[in-house]
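Remarks on the structure that follows.
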Amino acid sequence: MTIDTHAIAAAVKAAHVQYAAAPGGANASYIPYLASVPATLAGVTVVTIDGQVFETGDTRYEFAIESISKIVTLALALEQYGADEIQKKIGADPTGLPFNSVTALELHGDRPMSPLVNAGAMATVSLIKATDAEDRWAQILAMQSKLAGRQITLSDEVNQSEQTTNFHNRSIAWLLYSANTVYSDPMEACDVYTRQCSTLITCADLAVMGATLAAGGVNPLTKERVLTADNVPHILAEMTMEGLYDTSGDWAYTVGLPGKSGVGGGILAVVPGVAAVAGFSPPLDPTGNSVRGQLMVAHVAKAMGWDLYHVPGSGGAP
Ligand code: GLN
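Taking our numbering, I'd label the letters of the sequence shown as residues 188 to 505.
Right, here's the structure in full:
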């Protein structure tokens, strides 16, 4: 498929002009570090599967990856276990409840349901085949780096901020333990999960990560095959089901692309076989998704006609 690069550049620019200062939302406050990030930051980036980069705004500002790290660890677990085992042990359904819900676990017989909520993400961390916590962490960080195409690093400041306040997640890890649905020491799973949320990425990194998924597992910048092609559709399906938590359905309905957000203000949408669109801006809606990020990404997708559910040739506007 030929890509209209002028149209992408124009769409990225227009998205930023229209929505970079859109009102509404508030920085995440339950993690002290995130509350301190300047709320005015906003950027949007598109990376195509052949490695072309289009970006406007604060696309090189390093922010906390947070929940977007969940797709990376899912990818690693899929590589190690295959799709059936992950579906059996973790799940592939939306919880319909907030990302850190304890109720969701209780409702579903302590099965996490999705690797993209905190319970499922910690269970996924615990599955990674490793000799100890440091080995587990090193593998996850290496996978984040391969997907982004550059060495990603932990922010000690973010990690410290999260490790000293993550009591709710520790409770979830113990609940998993009591139900035999965590596969390492539960506090180790919570610790490594907290670290994976505390790495720093840019909006441009995020778009490269997404473009690697859009390209079926080959990083378009480094040309390295990072993931088995067969695993990529499973990641995209999980993103569709739970990538934006309890508003994943609304995102599918209005944008029609697999997405993933984080409380650091990052958001990603993947257009399989074409490109990825990443947005960044700290203020979040009540669900924990970046207000401006959603608007900017949705604008680019709409302008480009990128919607998986649009029927080609039907005449309907995607
Ligand atoms: N580290 C955050 C948490 O566990 C990530 C949540 C998110 O980005 N939705 O609460």
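C-beta atoms are modelled at their ideal positions from N, C-alpha and C, and glycine is treated no differently.
What is the residue span of the beta strand (DSSP E) that residue i lies within?
i      : result
GLU242 : 240-244
SER435 : Looking at the DSSP string, SER435 is not in any beta strand (DSSP E); the run it does join, the alpha helix (DSSP H), is 435-441.
Can you tell me which of the three DSSP states residue i falls into?
i      : result
ARG382 : helix
ALA320 : helix
PHE467 : strand
GLY453 : strand
VAL458 : strand
THR227 : coil
SER358 : helix
LEU303 : coil
VAL395 : helix
THR311 : helix
ALA213 : strand
TYR432 : helix
PRO281 : coil
GLY501 : A small correction: the amino acid at residue 501 is Ser; Gly does not occupy that position in the sequence shown. Correct three-state label for SER501: coil.
SER371 : coil
PHE297 : Inspection of the sequence shows that residue 297 is occupied by Asp rather than by Phe. Residue state, collapsed to three classes: coil.
LEU482 : helix
ALA325 : helix
ALA335 : helix
Regarding residue i and the ligand GLN, is the C-beta to nearest heavy atom distance less than 7 angstroms?
i      : result
SER254 : yes
ASN287 : yes
ASN346 : no
GLY475 : yes
ASN367 : no
CYS377 : no
GLU349 : yes
CYS384 : yes
GLY212 : no
VAL450 : yes
ASN406 : no
ASN418 : no
Across which residues does DSSP place residue i in a beta bridge pair?
i      : result
ALA151 : In the structure displayed, the chain extends from 188 to 505; residue 151 sits before or after that span and is not available.
ARG412 : VAL405
ILE388 : PHE250
SER477 : LEU471
VAL233 : PHE241, VAL464
THR340 : LEU387
Between which two residues does the alpha helix (DSSP H) harbouring residue i extend?
i      : result
ALA194 : 192-206
SER288 : Segment: none, SER288 is in no alpha helix (DSSP H) and carries neither H nor E.
SER448 : Element bounds for SER448: not the alpha helix (DSSP H) but the beta strand (DSSP E), 446-448.
TYR220 : 219-222
ASN346 : 343-350
LEU423 : 419-429
GLN267 : 256-268
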